[in-house]
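A.B. asks:
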Amino acid sequence: MDPIRPLPRPADGEASGPSRTAPDPPRRRAVVKAVTAATLTLCVPTGVGTASRAAAAVATGPAGTQGPSRAIVTGTDAEKLVLEVTAANKVVVRLPRVEVGQGITTAVAMMIAEELDARLADVVVPLADARPELPGQYTGGSSSVRSLYDPARYLAATARARLVNAAARRWHLPARTLRTRDTTVVAPDGRTATFGSLTEAAARIRTPRRATPKPARLHRIIGHPATRIDAQDLVTGRAKYTGDLSVAGAKPTLVARPPTLLGSPVSVDDSAARAMPGVLAVVRTSHGVAVVAETFHHAFQARDALRITWAPGPLGALSDKHIRARLRDAVPSLGAPPRGSVQVTGEFEFAFVSHAPMEVLTAVADVRAGRAEIWFSSQTPVFAQEEIASAVGLPAAAVRVHVVRGGGSFGRRLTCEAAVEAARISKAARLPVKLMWSRSDDIRHGRMRPASHHRIRASLAGGKVVAFAHRVAEVGESSEGARATTRSLSAIAAGPAGAAATAAGDEGLYAFGALSVRSGGVGLPIPVGAWRAVSSGTMRTAEEIVVDEIARRLGEDPVAFRCATLTSRAAVRVLGKVAAAGHWGRPLPAGVAQGVAVHEEYGSCVACLAEIDASDPRHPRVRRVVMAADVGTVVNPRGLQAQLMGTAIDGISTVLSAGLHIDRGAVREESFTDFRYARQRHSPTHFEAHVMPSHRSPGGAGELGVPAAAGAVANAYARATGTRPRRFPVDF
Amino acid sequence: MPRYSFVLNKQPVTVEAPADMPLLWVLRDVLGVTGPKYGCGIGVCRACTSHMDGSEIQPCVVPVADCAGRRVTTIEGLADGDRLHPVQKAWLECDVAQCGFCQPGQIMAAVALLDRTPQPTDDDIDRIENVCRCGTYPRIREAIRKASADVASAPVARE
Ligand code: FES
Ligand code: FES
Chain D
5 MDPIRPLPRP ADGEASGPSR TAPDPPRRRA VVKAVTAATL TLCVPTGVGT
55 ASRAAAAVAT GPAGTQGPSR AIVTGTDAEK LVLEVTAANK VVVRLPRVEV
105 GQGITTAVAM MIAEELDARL ADVVVPLADA RPELPGQYTG GSSSVRSLYD
155 PARYLAATAR ARLVNAAARR WHLPARTLRT RDTTVVAPDG RTATFGSLTE
205 AAARIRTPRR ATPKPARLHR IIGHPATRID AQDLVTGRAK YTGDLSVAGA
255 KPTLVARPPT LLGSPVSVDD SAARAMPGVL AVVRTSHGVA VVAETFHHAF
305 QARDALRITW APGPLGALSD KHIRARLRDA VPSLGAPPRG SVQVTGEFEF
355 AFVSHAPMEV LTAVADVRAG RAEIWFSSQT PVFAQEEIAS AVGLPAAAVR
405 VHVVRGGGSF GRRLTCEAAV EAARISKAAR LPVKLMWSRS DDIRHGRMRP
455 ASHHRIRASL AGGKVVAFAH RVAEVGESSE GARATTRSLS AIAAGPAGAA
505 ATAAGDEGLY AFGALSVRSG GVGLPIPVGA WRAVSSGTMR TAEEIVVDEI
555 ARRLGEDPVA FRCATLTSRA AVRVLGKVAA AGHWGRPLPA GVAQGVAVHE
605 EYGSCVACLA EIDASDPRHP RVRRVVMAAD VGTVVNPRGL QAQLMGTAID
655 GISTVLSAGL HIDRGAVREE SFTDFRYARQ RHSPTHFEAH VMPSHRSPGG
705 AGELGVPAAA GAVANAYARA TGTRPRRFPV DF
Chain Y
1030 MPRYSFVLNK QPVTVEAPAD MPLLWVLRDV LGVTGPKYGC GIGVCRACTS
1080 HMDGSEIQPC VVPVADCAGR RVTTIEGLAD GDRLHPVQKA WLECDVAQCG
1130 FCQPGQIMAA VALLDRTPQP TDDDIDRIEN VCRCGTYPRI REAIRKASAD
1180 VASAPVARE
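First to last, the protein sequences are chains D and Y. Each position in the first sequence, counted from 1, maps to that position plus 4 in my numbering. Each position in the second sequence, counted from 1, maps to that position plus 1029 in my numbering.
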């Protein structure tokens, strides 16, 4: 999923657009190091951008950089991936990423199994705790596969070579005569030795220093569809999320929160709540009152028995209509169009959207004098460790952050407010706590995709687009809204993936002449956050609607017009694929129509064709969706298809029905009743996703599909209803 | 405090709990059965979906008092030991889960649907209300179709 990129900077300067692919991360040679251990344990730096310099530093550094840890080299600022072959014949790779459904543990296990010739089932991928010496421990920006693909393969290839050398010594055979398969080394005479039986010997072997991964044509795991490595746990209920952990004797905890955004308690009468059975503690928090109890039932009852008078939050009586007006006023001017051109214009509004991950924010915190231990699902655990440490007055080194699998994220687990809050409550209550945000807390007080207003103008002359201008304003979180406990989001998002994530590149996605994008912002005390695909989710969606309207003005077919104006051959190919597979232009009854859209980002491109039945315009139903993506080398096509499927449902939801209203300083919605994310009855009965073959290095994929899906749904809706949708979601 | 006895995943259990305590929290916080998930607490998201006497329930809105003497099955009790239920198998074959958080509820809802309607139509499947925020709906539909076909073609044990 990896949905994190920096928030678009309000008042950004001129940039070219429509938004364009980020460059590939720099290729580099991975440097593999052995770690002092009784089993074969190797590590390699990972990361994009700056990490390559760090890798070079490790390569040339003195041997003394090997630290006291048996599992990892310390003392550099590079991020490490550590591989251990255990005596029990398991390959353990402690992953400095979080799994939130995007399938990164499976993808990494596949890379490792490929190069080691291990069985996929023998590769175990636990999530690494926060390691403060590894600032690149960051999940976001659709960067995980890009940042791990080379390091993981070099690491495993080196481990394999050393295991083979160990077997060669044991059997007194030349290493080149030995083969590996199914987590074993095989001799020409049929003798076998499991990796586990060789690991101790291999740990003493220092050669080769680095082995080269297989050429792609020999891949039998990478590029072949695999079922998630955790699928069995997920279908049997064995998979553990933070709320399922029974650690530290943590007690269920809830917080009574104000009716308005960032309101605060003026007076609290907790006598009734304290007297209730099962209540262990009641403590004030910055914007509410926390109850610690024996069960969540007791906690909910006591929370509801608190008598609190609330001061309204800093938004006062502000509502959507005011916010929309301010956004409209903040959109930078379009300036004069080229002389003699004809204009196609569109003005678009997008509502706030909740992340609403299925698992609400949950954190276990055990804060004691002198130390703290926290369990939660975090995309930025090192950042969280610092935040928690400063919140409870401990040095960062005294705070252990355990990263736990998350029940979805979509960008929500970039920040750590629940963990910081849990730590504070644990400290004040002198109890280990398991804090859960209720669903209503999540929707009414959680972060959200910022509302935005777009003005787009395409200038036509001589049957062509000669200039394309996009002006946008979106809500940014003003400092009074920034939670006291949390540094600005841009500070976090400037993680290693940040650099590669600029939406606009040098050249446009379409040959539309002079391109310009300028943005403005409205600062409000509203907790906003990066939502899967970040600003591309709104900007590129709006642009794809305008592309359809240009084609209509020119009397051209939307697919043919795009094919003629797209600047990248890969983009033309994915569009051609969905047009063919989705039977673009097939005869359809009245009220039913198709729409297409294309998007390019993260070194990847995608097209989507959606077919919508709007014969009842109040209940439009997307019936069929066909997507095609070129993401370079694909590790797990099945995982990629799942990500595309998720973005299709995101597109359907955000375009048609899912958004948040602000009424007099409060979020109106409070659950999945009124935050109308798609259900089965709103999702296509036919979905297919095509994966384009490629030998390029991997691009990003987790967020890629959102703008294409949203754009295709909006374009299909426009054609089916004969309207020009301008405000999203359309049914709101 | 009152005591309630019921059968949970084929095992008799007795709990001491307030009568109005939702089954969800009895399962999760008292009995340590964490397959059913909290996603809303008001019967809307269906992440907690389980079975009572073979029918679908949302434990977040069923008071424990209503479970006395009944048979409760959670995702943990669906497989027969190591033998997965055909719906779980179909879920694996279609690789349905992403984050997985909704999936215990989705699977229990699908099992209940197939018990009522062994050959569900698309409209029947559309009536499943369970939210999947990761958007796995197309694979859920595919897995239900598959499980339905697998069960229909499986040799039926004769007495
Ligand atoms: S938690 Fe039971 S329906 Fe949502
Ligand atoms: S798989 Fe994540 S919510 Fe359904």
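Built from N, CA and C at the ideal position, the CB exists for glycine as well. Being a predicted model, the structure only gives us computed values, none of them experimental.
(1) How many angstroms separate the CA atom of Ala718 of chain D from the CA atom of Ile554 of chain D?
(2) Note down, in chain order, every chain D residue with its Cβ under 7 Å from the Cβ of Met1050 of chain Y.
(3) Going by other Cβ atoms of all chains shown within 10 Å of its Cβ, with 16 needed for buried, is Leu176 of chain D buried or exposed?
(4) Which class does Ser268 of chain D belong to by DSSP, given the choice of helix, strand or coil?
(5) Is Gly636 of chain D near ligand 1, judged by its Cβ being under 7 Å from some heavy atom?
(6) Opposite Glu615 of chain D in the DSSP bridges: which residues?
(7) Measure the beta-carbon distance from Leu238 of chain D to Gly1129 of chain Y and round it to whole angstroms, keeping in mind my assumption that it falls under 8 Å.
(8) Within 10 Å of its beta-carbon, does His474 of chain D have 16 or more other beta-carbons around it, so buried, or fewer, so exposed?
(9) Is Ser56 of chain D helix, strand or coil by DSSP?
(10) Taking a cut of 7 Å between CB atoms, which residues from the stretch 1051-1065 of chain Y lie near chain D?
(11) Under the rule that 16 or more other beta-carbon atoms within 10 Å means buried, what is Arg1170 of chain Y, buried or exposed?
(12) Taking the beta strand (DSSP E) that Met1081 of chain Y falls in, what are its first and last residues?
(13) Answer yes or no: do Gly1083 of chain Y and Asp1144 of chain Y have a C-beta to C-beta separation smaller than 8 Å?
(14) Using a Cβ-Cβ cut-off of 6 Å (strictly less than) and excluding sequence neighbours within five positions of Val437 of chain D, which residues of its own chain qualify?
(15) Could you pull the DSSP bridge partners for Ile1086 of chain Y from this structure?
(16) Quick check on Phe380 of chain D - is its C-beta less than 8 Å from some C-beta in chain Y?
(17) Assuming Gly524 of chain D and Ala477 of chain D form a contact by the criterion Cβ under 8 Å, report the distance between their Cβ atoms to the nearest whole angstrom.
(18) My output table needs one value for Trp314 of chain D: the three-state DSSP class, helix, strand or coil.
(19) Quick one, which of D:Ser442, D:Val86 and D:Arg311 has its alpha-carbon nearest Phe304 of chain D's?
(20) For Glu604 of chain D, name the three-state secondary structure that DSSP assigns.
(21) In chain Y, what lies closer than 8 Å to Asp654 of chain D by C-beta?
(22) Below 6 Å CB to CB, which residues in the same chain sit around Glu673 of chain D once its five sequence neighbours on both sides are set aside?
(23) Nearest by alpha-carbon distance to Glu692 of chain D: which of D:Pro399, D:Ala633, D:Thr143 and D:Gly467 is it?
(24) Residues of chain Y with a CB under 9 Å from the CB of Thr313 of chain D: which are they?
(25) Please report the Cβ distance between Val407 of chain D and Ser382 of chain D, rounded to the nearest whole angstrom; I am assuming they are in contact, meaning their Cβ atoms lie under 8 Å.
(26) If the cut is a Cβ gap below 9 Å, which residues of chain Y does Arg683 of chain D touch?
(27) Grouping DSSP H, G and I as helix and E and B as strand, with all else coil, what is Trp1127 of chain Y?
(28) Give the DSSP bridge partners of Pro1051 of chain Y, in chain order.
(29) State the beta-bridge partners of His690 of chain D as determined by DSSP.
(30) With 8 Å as the threshold, decide whether the Cβ of Arg417 of chain D is near any Cβ in chain Y.
(31) What do you reckon, are the CB atoms on Ala712 of chain D and Val610 of chain D nearer than 8 Å?
(32) What residue from D:Leu284, D:Asp193 and D:Gly595 has the CA that sits closest to Gly726 of chain D's CA?
(33) Hey, would you say Met1189 of chain Y sits closer than 8 Å to Glu1085 of chain Y, going by beta carbons?
(34) Could you check the C-alpha separation between His694 of chain D and Ala652 of chain D for me, to the nearest Å?
(35) How far does the beta strand (DSSP E) with Met440 of chain D in it reach, from first residue to last?
(36) Among D:Asp667, D:Gly669, D:Ala585 and D:Thr419, which has the Cα closest to the Cα of Met631 of chain D?
C.D. replies: Straight from the coordinates:
(1) 15 Å
(2) His301
(3) Reading the sequence as shown, one finds His at residue 176 of chain D and not Leu. It counts as exposed.
(4) strand
(5) No, the beta carbon of Gly636 of chain D sits no closer than 7 Å to any heavy atom of ligand 1.
(6) D:Gln598 and D:Arg628.
(7) 4 Å
(8) buried
(9) Low per-residue confidence applies at Ser56 of chain D: pLDDT is 35, beneath 50, and the placement is therefore not dependable, though the value from the model is reported in the following sentence. In the structure shown, Ser56 of chain D sits in a helix (DSSP, three-state: H, G or I).
(10) Pro1051, Trp1054, Asp1058, Val1059, Gly1061, Thr1063 and Gly1064
(11) buried
(12) Per DSSP, Met1081 of chain Y belongs to the beta strand (DSSP E) from Ser1079 to Met1081.
(13) yes
(14) Ala254, Lys255, Thr257, Val296, Ala369, Ala426, Ile429 and Ser430
(15) Y:Ser1079
(16) Chain Y contact via Cβ: absent.
(17) 4 Å
(18) strand
(19) D:Ser442
(20) strand
(21) Gly1164
(22) Taken in chain order, the residues that qualify are Ile447, Leu664 and Phe679.
(23) For Glu692 of chain D, the nearest C-alpha among the options comes from D:Ala633.
(24) By Cβ distance, chain Y contributes nothing, its closest Cβ being about 25 Å from Thr313 of chain D, past 9 Å.
(25) Contact between Val407 of chain D and Ser382 of chain D holds: CB atoms are separated by about 6 Å, below the 8 Å threshold.
(26) Asp1155, Ile1157, Glu1158, Asn1159, Val1160, Cys1161 and Tyr1166
(27) Reading off the sequence shown, one finds Gln at residue 1127 of chain Y, where the question assumed Trp. Three-state result, Gln1127 of chain Y: coil.
(28) Y:Pro1092
(29) D:Arg628
(30) no
(31) Result yes, Cβ atoms of Ala712 of chain D and Val610 of chain D sit closer than 8 Å.
(32) D:Gly595
(33) Past the edges of chain Y, shown from 1030 to 1188, lies residue 1189 of chain Y, and the structure says nothing about it.
(34) 13 Å
(35) Val437 to Met440
(36) D:Ala585
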